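In what follows, a single structure is set out as structure tokens and then discussed.
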Amino acid sequence: MSGWSPVNAWLPLIVVGTSLVAAAGIFLLKEHRHGLRTVFNLSAAVIKLGLVIWMALGVLDEVAFETRYVLVDGVSFILRADPLGIMFTGLSSLLWLFTTIYAIGYLEDAPNRSRFFGFFSLCVASTVGIALAGNLFTFFLFYELLTLSTYPLVVHRGTEKAMRAGKVYLAYTLGGGAVLLLGVAGLHALVGEIEFAAGAGLRDLDTALNPVLTLIFVLLVIGLGVKAALLPLHGWLPTAMVAPAPVSALLHAVAVVKAGAFGIVRVVYDVFGIEFTWQLGLLQPLAWLACATILYGSIRALWQTDLKRRLAYSTISQVSYIVLGTALFGPVGTVGGLVHLLHQGLMKITLFFCAGNYAETLGVHRIDELDGTGRRMPATSVAFTLGAFGMIGVPPLAGFVTKWYLGIGALDTGMAWVIAVLVASSLLNAAYFLPILHRIWFRPQRAPWPDEHFRDCRDTHPWLLLPTLATATFSLAAGLLAGMPFSPLYWAEVVVLREYLP
Amino acid sequence: MSGGEALSWLLVVPLLAAIATLLAPGRWRGWGSLAALPLLWLAFTPVLAAFLHQGTLTTPLGGWSPPLGIALIGDGLALGLVGLTLGVFSLCALFAAADPDPEDHSHLWPLAWFLIAALNGIWLSGDVFNLYVGLELLGLAAVGLVALKGSAEALAAAMRYLLAALLGSLAYLIGVALLYAAAGSLALADLAQLDGGDTTVRVALALMAVGLMLKTALFPLHGWLPAAHGGALPAVSALLSALVVKASFIILLRLWLALDADPLAVVAAQAIGLLGAGAVFWGGWMAWRQARLKYLVAYSTVAQIGYLFLFFPLITGTGTDAARLAWDGTLLMLFAHALAKAGMFLAAGNLVRAVGSAQIADLAGVGRFRPLSLLSFGIAGVSIMGLPPSGGFTAKWLLLQSALASGQWPWLIVLMGGGLLSAVYVFKVLRHAFVEGPTRDTFRSPPTAAELAALTLALSSLVLGVAAHGLLALMRPDALSAVLEGAG
Amino acid sequence: MNTAIDAFGLVLAPALPLIMLLAACVPGFRGRIACWLPYAAVPALLLALGGQTDAVARLDWLLFGTVLALDELNRVFLAFTALLWLGAGWHARGHLAGDARADGFRLLWFATMSGNFGLILAQDVASFYAAFALMTFAVYGLVIHRRSAEAIRAGRVYLVMAILGEGLILSGLLLAAAGSGAPLMALVSDLPGAIAVSPRRDLIIACLFAGFGVKAGLPLLHLWLPLAHPVAPVPASAVLSGAMIKAGLLGWMTTLPLGLVSLPGWSLLVMLTGFVAAFGAALIGVNQRTPKTVLAYSSVSQMGLITVGVGAALQAPEAWPVLSAAIALYALHHGLAKGALFLGVGIAGQAGGRLSGPGARGLWLALALPGVSLAGPMVSGMAAKTSLKAAFEAGMQLPAWWAHLPMLMGLAAIGTTTLIARHLWLLRDMKPGAAASRSEWLGWGFTLAASSLGLILLPWLPVPTPWPEALRALPDLLWPVVAGTLLGVLAHRYLRAWPIPAGDALVPISAALRQLRIAMCLTLRALRRQLRPLGRRLSAWTEGLRADGEQASPLEHTARREAGLIFAVLLALMLLALTMG
Amino acid sequence: MSTDLFFAWIGVALCGLGLFGFIVHHHLMRRLLAFNIMGSGSFLLLVGLAQDGRGPDPVPQALVLTGIVIAVASTALALVVLRRWYRVSGESSLPEDV
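Residue numbers (our numbering), protein chains in the order written: chain Z, 37 to 538; chain X, 6 to 493; chain W, 3 to 583; chain U, 482 to 579.
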């Protein structure tokens with residue numbers, strides 16, 4: 037399988053293209069062609085997943101997959117499959133499959149489905165593009181495309197509240213995009229085209245340029261931090277919760293916040309190079325920022341009464357683990373951050389699926405309405421429990437693996453205070469998740485469900501239940517079988533070993 | 006037929022078509038024009054082929070050689086612009102022909118053909134007086150088009166437009182007179198030999214610049230534009246915004262490149278850049294404040310014109326790299342804006358027709374019934390906002406790079422701020438696609454061809470973002486290298 | 003072959019409860035699983051009795067590489083834990099008949115059991131912590147099984163403290179593992195050595211001591227114990243008090259650097275806490291009004307004594323081998339005895355007329371037996387206490403006040419005896435309920451027997467002291483019992499119980515917390531009130547900025563009207579600039 | 482001031498006069514006339530500047546001829562629009578200019 041072949045050069049583009057083609061096809065379909073749309077959706081998702089697995093195997097064998105095209109002089113459009121990119125691509129295509137299944141069930145009989153699924157596919161195309169981008173310019177291209185393709189999803193409901201959320205979302209993300217563009221352009225002006233390559237770095241530049249580089253780094257992190265919901269830039273995330281559940285799941289677990297976090301990883305490792313970032317003295321403040329966000333998100337989550345809003349604040353907190361791992365100067369911390377990229381995705385998507393199941397099946401939105409749902413919807417509740425415990429970081433679930441690696445990584449770097457943050461965050465996570473679990477499992481149902489559907493199903497509609505259980509199983513397996521080949525941990529280690537260690 | 010001879014057909018065909026449609030009865034004009042369009046493309050193809058084969062083409066018209074005769078020069082820039090004109094006009098014509106307008110607007114066709122002839126004349130002219138003739142013809146045709154609707158509002162807009170156009174042309178004409186006095190020639194190539202420090206030349210250039218700025222509607226001389234562009238028929242608005250304002254800009258650009266040697270040019274360029282910045286912000290702000298859809302789009306044109314004028318500070322005295330980037334960026338911006346804005350006006354026309362109201366607030370719920378029109382508007386909006394992947398973005402990227410390369414970071418703020426401001430007004434419209442609620446349920450559907458025309462224009466502004474490389478390489482002129490030598 | 007069986011047993015011991023848990027989720031199996039409930043502990047018991055010491059099972063694919071093993075120390079813990087789970091399981095099977103929430107109880111029962119066995123057997127840090135957490139969280143459901151207001155409150159207190167403990171343990175484990183050779187796949191056995199040389203030694207010890215101390219009922223960390231035990235169903239209290247508390251102890255014994263370095267400061271602190279627990283719990287305990295609360299305080303008191311043993315080992319590393327055996331023995335002895343006592347409460351409550359009937363005397367004796375054993379003079383208690391005392395004396399170069407340790411232990415035994423007396427007294431007053439089922443009797447009887455005869459039945463138990471010497475120490479053991487009994491008999495008529503609520507210090511603490519919350523709310527509200535005008539002004543300003551609706555602005559009008567003028571001005575300016583230049 | 486450029490200066494003066502009229506008047510007819518005066522001024526300038534003793538030059542003549550044609554055409558158009566405007570609105574000046 038080694039060696040170069042023309043197919044390999046096109047494969048990254050084809051992977052991005054599958055969802056683009058699906059998007060175009062779905063846009064052109066008439067609203068009532070449900071069957072055909074479902075076929076489109078699912079076949080695109082399955083084909084993409086298959087291609088990504090093929091590429092992943094190839095990448096393990098060090099096959100090069102690269103698409104390259106000169107856009108204007110000095111700027112190329114590059115899609116390339118490296119281990120880190122494949123990791124994120126794998127996550128998005130896997131979760132896309134499940135989210136698509138879920139969304140088909142969730143939006144049954146809802147209006148505007150063509151529009152929804154069209155933008156949905158576009159959103160995934162941009163996420164995969166972000167993952168496979170081979171240079172900062174291409175990354176930015178898809179990063180902005182992501183903003184555009186998610187806006188219609190956020191405002192999908194079309195209510196006054198949704199429109200306001202959409203406005204906030206746009207204000208944040210477009211502003212962030214502009215700042216990011218400044219950073220990217222500045223860097224480009226300074227050193228020309230920047231391909232992602234470990235250790236490519238900017239070290240060889242004149243040291244007099246260090247302040248400029250620092251400024252550019254700050255611009256990049258601000259631009260990416262909006263999507264990653266870093267502390268002062270997180271405001272859009274809770275308001276964007278008005279979107280339908282699959283969208284929230286996608287926003288939180290796969291696409292938007294992950295794109296931001298992934299971008300920060302790319303900037304630190306593949307643009308500046310971890311050592312050079314360290315020399316510039318930027319890792320420490322980044323770690324502080326991440327820790328502040330972790331704690332802030334958790335604390336704010338305590339006070340939320342709406343289930344999805346609580347989950348949203350939890351996301352703010354959890355995504356910063358990835359940033360924290362990036363900011364730890366050492367292989368172990370990096371593994372922790374990278375692996376959380378996948379773990380958080382699996383766990384949070386499970387939680388949002390569950391929240392959607394509760395809302396869709398019983399009409400339950402607020403936390404105090406959850407009493408006794410465990411008896412009515414046991415399978416969903418088990419999934420929710422797994423997700424919640426994973427978030428808390430209870431072994432053997434996925435979250436524990438992350439915390440352990442981050443903790444050890446922090447100690448390797450000599451930042452013992454990070455342990456305190458990790459533990460405090462775990463405690464806070466427990467403080468806002470366990471009461472929910474208590475209500476679900478141990479309280480009797482108080483009142484008739486606000487809006488019950490699927491009365492003849494034991495739990496909920498199979499289209500909704502199946503993806504939920506699948507992702508819950510994955511998040512359990514990711515922790516329980518962390519030592520197995522092809523587990524998230526394994527991939528993260530491959531990335532670090534191959535790219536960032538000499 | 007050699008490529009050089011074919012060059013003149015690019016003028017002759019539209020003129021003939023204009024006369025033919027003028028003579029034809031009203032109901033034949035539209036379809037007759039559509040039938041004439043392939044002829045125009047047929048004339049363009051050999052020209053393009055010849056250019057690709059042998060480089061810049063020159064034809065003395067009617068066998069007279071300069072200075073008395075009129076020479077047509079087909080360089081890369083000119084041919085690119087001719088191509089753009091043909092493309093935009095074809096789609097606008099399709100739109101207008103498909104439009105089942107109850108009122109008779111068949112005068113549109115001869116006027117539009119005159120407009121095309123004037124535009125092609127301007128793109129292909131090599132001397133300043135020909136440019137003047139083209140400019141006047143363009144202005145008259147455009148005013149006629151604006152007045153076409155016949156309503157009081159349209160007539161007032163046309164009148165104002167006419168006055169501004171006349172004033173601008175006159176200033177330009179006086180400049181031509183001064184230049185001729187100084188150089189004894191009208192050819193741009195000869196003017197390049199002039200000593201830039203000469204007072205006569207300076208005054209001439211200043212007069213011409215102000216006149217052209219008035220015709221391009223650069224802030225704060227843009228007062229005539231919103232009413233003229235916003236009040237006209239959709240196809241007319243599209244032509245005006247996409248092409249007509251660009252004509253005077255291109256003339257200014259060519260003049261600037263020819264008469265660039267003046268040390269004061271840097272100061273003047275900065276001043277023009279400042280006006281451009283003002284246009285970006287003021288136009289964006291006003292666009293946001295509009296209640297009527299087409300006025301919003303018209304103000305957006307005011308803003309976008311501002312970007313074009315950043316060309317001057319970025320190319321004057323900044324060094325090879327910055328100048329090359331500025332050139333590429335500005336031209337790409339021009340192309341992207343032309344395509345996107347034409348698409349946007351056509352889409353806006355469709356939307357207005359669908360809901361039967363010009364107000365933005367009445368668009369609520371239209372997304373469910375006319376998704377295609379709104380999608381076209383959105384796609385065009387992407388380019389207007391300068392978001393990737395679109396021509397607008399790539400152009401903005403190049404301009405950013407140019408500003409950074411020349412160390413003029415304040416222009417960054419303009420580029421960024423303008424982009425954000427445009428997002429504000431574009432989304433002011435787009436959000437109505439998603440609003441659900443008490444809305445009308447009677448929508449008139451525009452013809453499919455009209456929707457497709459808008460979509461094609463919008464999409465091509467996106468494609469331009471990824472296909473810019475070849476186009477820019479084609480248009481980068483020998484003239485530029487001369488400038489670069491001067492600047493370097 | 004044997005090793006293969008051992009390895010299988012090692013895996014099966016924690017896995018069988020989980021398998022049964024999963025099976026219990028399938029409606030068709032539910033009845034059968036309910037019937038087999040007690041036998042989930044059988045593999046663990048068989049392993050403890052018949053497994054080879056040093057048997058190892060490695061599951062590299064699980065977590066970061068799970069290692070399960072049996073050694074001398076955890077074999078003791080596994081033995082009594084398994085016995086207890088078996089006995090309590092039998093009791094639970096009868097106890098749950100007719101309970102509407104029995105299904106949920108069984109699931110959590112299996113989960114807790116699996117966690118308990120897992121943490122005893124796990125040798126790598128990750129699995130150890132995983133099993134520990136599983137037990138911690140699952141037991142919450144057992145505590146609040148009744149859903150009464152007290153149960154919910156007890157559950158909440160338990161959960162808060164348990165999670166704090168988990169956090170401390172996690173930090174301790176992380177800090178310790180980072181210093182070991184393979185931080186990512188650290189073995190528990192690597193930790194003491196790593197801690198001993200770690201620059202953050204004191205911090206790590208503090209984290210682990212306090213973290214495990216929550217389970218072991220250290221003073222102030224014990225608050226959940228007297229709340230949770232009375233409200234939990236009887237079999238749950240039995241395992242809670244008998245087995246789970248010992249998990250904390252096992253945590254100390256495996257992770258702290260015992261036997262490696264001498265830490266006099268820590269030793270003093272730990273021993274002091276131990277004694278505070280031993281005496282304080284006894285004092286508070288005699289003032290309680292329900293038998294199970296008294297037993298819970300007795301557990302705190304007993305764990306206090308064991309804590310003293312741990313403290314001693316911190317001072318005198320060379321005494322660790324002896325001490326660890328003694329502590330293990332004591333843990334076994336206390337675990338089984340306390341289990342039997344708790345199950346006895348259930349029996350007494352449901353014995354119907356028998357407590358006053360013809361066979362009453364025998365029943366009373368049986369109920370009191372483990373209590374007496376706890377106080378000292380029975381076989382297992384004797385062995386445990388003498389070995390502990392012997393261990394104290396074995397150390398060399400000790401602080402002078404260690405000479406008083408046996409005396410202090412004697413005093414503690416007085417407390418224990420008084421507590422048992424109080425317990426029996428309260429049992430007498432219990433309202434008789436429905437008759438206990440046969441399964442409940444079986445469970446109680448089994449645990450009682452195990453508690454009384456455990457020492458004899460488990461031949462490999464590390465009994466450190468030769469018997470004659472132990473017999474010679476008998477008077478030392480007997481006088482506190484006699485004194486305590488006398489005290490109990492004399493006092494019960496005159497002692498009017500102080501109204502100390504169960505959970506003692508919790509009451510003022512929660513009151514203080516409530517006050518703090520109110521104060522914070524008030525402050526925040528005041529702050530918001532201060533900030534409101536500012537916000538209003540800001541929003542008014544932004545409104546003003548956008549107020550001028552949708553029409554062209556005045557400036558625009560001017561520009562339009564005076565386009566010509568501006569044109570002229572611009573022209574003039576340019577001309578001026580040009581001619582000046 | 483050299484006599485060579487006499488006509489040119491007259492042209493400049495006419496232009497200025499026209500511009501002044503263009504600015505101060507609101508009545509559209511007057512503005513149109515002012516514009517025509519400006520036009521004449523600029524033609525004079527064009528021809529006058531060529532009178533610098535280099536002998537007769539056909540180019541300015543040709544230019545002015547073309548210019549006059551264009552001026553006539555634009556004036557005609559302006560008159561048409563003006564009349565239409567007057568008929569539709571009854572005003573002789575533009576709305577915001579009053």
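Cβ coordinates follow ideal geometry from the N, Cα and C atoms, glycine included. Because the structure is a prediction, the values reported are computed rather than measured.
Distance, phenylalanine 100 of chain X Cα to proline 128 of chain Z Cα: Mapped onto the first sequence, residue 128 of chain Z falls at position 92. Mapped onto the second sequence, residue 100 of chain X falls at position 95. Checking the sequence, you will find serine at residue 128 of chain Z rather than proline. Put simply, the backbone Cα of serine 128 of chain Z is about 41 Å away from that of phenylalanine 100 of chain X.
Own chain, CB closer than 7 Å to glycine 399 of chain Z, minus 5 neighbours either side, in chain order: Residue 399 of chain Z sits at position 363 when you count from the first residue of the first sequence. Close CB contacts of glycine 399 of chain Z within its chain, under the 7 Å cut and outside five residues either way in sequence, are with Trp485, Pro486, Asp487, Glu488 (chain order).
Contacting residues, own chain, Cβ-Cβ under 8 Å from phenylalanine 63 of chain Z (five flanking each side not counted): Translated into positions along the first sequence, residue 63 of chain Z becomes position 27. A distance below 8 Å between beta-carbons, with the five flanking residues on each side excluded, links phenylalanine 63 of chain Z to the following residues of its chain, in chain order: Ser150, Arg151, Gly154.
Cross-chain neighbours of alanine 233 of chain Z in chain W, by beta carbon under 7 Å: Start at 1 with the first residue of the first sequence, and residue 233 of chain Z comes out as number 197. Contact of alanine 233 of chain Z with chain W by beta-carbon distance below 7 Å is absent, the smallest such distance being about 27 Å.
Cα-Cα separation, valine 236 of chain W to leucine 136 of chain W: For the purposes of this step, residue 236 of chain W is taken as residue 234 along the third sequence, with counting starting at 1. For the purposes of this step, residue 136 of chain W is taken as residue 134 along the third sequence, with counting starting at 1. Using only the alpha carbons, I get a separation of about 21 Å.
Three CB pairs or more closer than 8 Å across the segment 209-220 of chain X and the segment 117-125 of chain X: Short answer: they don't touch.
Sheet register partners of proline 65 of chain X (DSSP bridge): Reading the second sequence from its first residue, position 60 is the one you call residue 65 of chain X. The partner list for proline 65 of chain X (beta bridge, DSSP) reads X/Ala76.
Within the segment 287-362 of chain Z, ranges of the alpha helix (DSSP H) (whole runs, at least 4 residues): Listed in chain order, they are 292-301, 310-315, 319-338.
For alanine 291 of chain Z and threonine 183 of chain Z, believed in contact at Cβ under 8 Å, the rounded distance: Here residue 183 of chain Z is taken as the residue at index 147 of the first sequence, counted from 1. Here residue 291 of chain Z is taken as the residue at index 255 of the first sequence, counted from 1. In fact, because the Cβ distance is near 10 Å, the residues do not count as touching under 8 Å.
Contact check, glycine 445 of chain Z vs glycine 369 of chain Z, beta carbons under 9 Å: Residue mapping note: residue 445 of chain Z aligns to position 409 of the first sequence, counting from 1. Residue mapping note: residue 369 of chain Z aligns to position 333 of the first sequence, counting from 1. It is a contact, given that the beta carbons lie within the stated cut-off.
Between the CA atoms of leucine 264 of chain X and leucine 199 of chain X - distance to the nearest angstrom: Residue mapping note: residue 199 of chain X aligns to position 194 of the second sequence, counting from 1. Residue mapping note: residue 264 of chain X aligns to position 259 of the second sequence, counting from 1. Each residue's Cα considered, the two are about 7 Å apart.
Residues that glycine 443 of chain Z contacts on chain W, provided the C-beta gap is smaller than 7 Å: Sequence index remark: in the first sequence, residue 443 of chain Z carries index 407 (1-based). Going along chain W in sequence order, the residues near glycine 443 of chain Z (Cβ under 7 Å) are Leu176.
Environment of leucine 464 of chain Z [buried if 16+ CB atoms lie within 10 Å]: For the purposes of this step, residue 464 of chain Z is taken as the residue at position 428 of the first sequence. A residue is called buried once 16 or more other Cβ atoms fall within 10 Å of its Cβ, and leucine 464 of chain Z is buried on that count.
Assumed close pair leucine 560 of chain U, methionine 164 of chain X - CB separation to whole angstroms, cut-off 8 Å: Taking the fourth sequence and counting its residues from 1, one reaches residue 560 of chain U at position 79. Taking the second sequence and counting its residues from 1, one reaches residue 164 of chain X at position 159. 11 Å between Cβ atoms; not a contact.
According to DSSP, residues forming a beta bridge with isoleucine 7 of chain W: Here the question's residue 7 of chain W lines up with position 5 in the third sequence. Answer is none; isoleucine 7 of chain W lacks a bridge partner.
Residue span of the beta strand (DSSP E) that contains arginine 291 of chain W, given as start and end: One-based indexing of the third sequence puts residue 291 of chain W at position 289. Per DSSP, arginine 291 of chain W is not a residue of any beta strand (DSSP E), being assigned neither H nor E.
Euclidean distance between Cα positions of glycine 174 of chain W and glutamate 168 of chain W: Against the third sequence, residue 174 of chain W aligns to sequence position 172. Against the third sequence, residue 168 of chain W aligns to sequence position 166. If you take the alpha carbons of glycine 174 of chain W and glutamate 168 of chain W, they lie about 10 Å apart.
Option nearest leucine 297 of chain W by Cα separation, candidates W/Gly341, W/Gly33, W/Ile207, W/Gly486: Locating residue 297 of chain W in the third sequence gives position 295, counting from the first residue. Nearest of W/Gly341, W/Gly33, W/Ile207, W/Gly486 to leucine 297 of chain W, Cα basis: W/Gly341.
Exposure of proline 510 of chain W, with buried meaning 16 or more beta-carbon neighbours within 10 Å: As a first step, residue 510 of chain W must be located in the third sequence, where it is residue number 508. Burial call: exposed.
Any chain Z beta carbon closer than 9 Å to glutamate 10 of chain X: Position 5 of the second sequence, counted from the first residue, corresponds to residue 10 of chain X. Closer than 9 Å: no.
9 Å Cβ cutoff met for alanine 415 of chain Z and arginine 494 of chain Z: Locating residue 415 of chain Z in the first sequence gives position 379, where the first residue counts as 1. Locating residue 494 of chain Z in the first sequence gives position 458, where the first residue counts as 1. Pairing alanine 415 of chain Z with arginine 494 of chain Z gives a Cβ-Cβ distance under 9 Å.
Straight-line gap, alanine 221 of chain Z to isoleucine 230 of chain Z (C-alpha atoms, nearest Å): Residue mapping note: residue 221 of chain Z aligns to position 185 of the first sequence, counting from 1. Residue mapping note: residue 230 of chain Z aligns to position 194 of the first sequence, counting from 1. Distance between the alpha carbons of alanine 221 of chain Z and isoleucine 230 of chain Z is about 11 Å.
Which of helix, strand or coil DSSP assigns to glutamate 102 of chain Z: On the first sequence, position 66 is the one that residue 102 of chain Z refers to. Collapsing the DSSP output to three states places glutamate 102 of chain Z in a strand.
Nonlocal neighbours in the same chain, by C-beta distance under 6 Å from methionine 163 of chain W, ignoring five residues either side: Reading the third sequence from its first residue, position 161 is the one you call residue 163 of chain W. When the five nearest sequence neighbours on each side are left out, the beta carbons in the same chain lying within less than 6 Å of the beta carbon of methionine 163 of chain W are those of Val216, Trp226, in order along the chain.
9 Å Cβ cutoff met for leucine 389 of chain X and lysine 433 of chain X: As a position in the second sequence, residue 389 of chain X is number 384, starting the count at 1. As a position in the second sequence, residue 433 of chain X is number 428, starting the count at 1. Note on residue identity: the sequence assigns isoleucine, not leucine, to residue 389 of chain X. Lysine 433 of chain X is positioned such that its CB atom lies no closer than 9 Å to that of isoleucine 389 of chain X.
Helix, strand or coil at isoleucine 384 of chain X according to DSSP, with G and I counted as helix: The sequence position of residue 384 of chain X within the second sequence is 379, counting from 1. Three-state result, isoleucine 384 of chain X: helix.
Min CB distance tyrosine 430 of chain X to chain U below 9 Å: Start at 1 with the first residue of the second sequence, and residue 430 of chain X comes out as number 425. Answer no: the Cβ-Cβ gap between tyrosine 430 of chain X and chain U never drops below 9 Å.
Chain-ordered neighbours of serine 173 of chain W on chain Z, where CB pairs are closer than 9 Å: As a position in the third sequence, residue 173 of chain W is number 171, starting the count at 1. Within chain Z, the residues whose beta carbon sits less than 9 Å from that of serine 173 of chain W are Gly443, Ile455, Ala456, Leu458, Val459, listed in sequence order.
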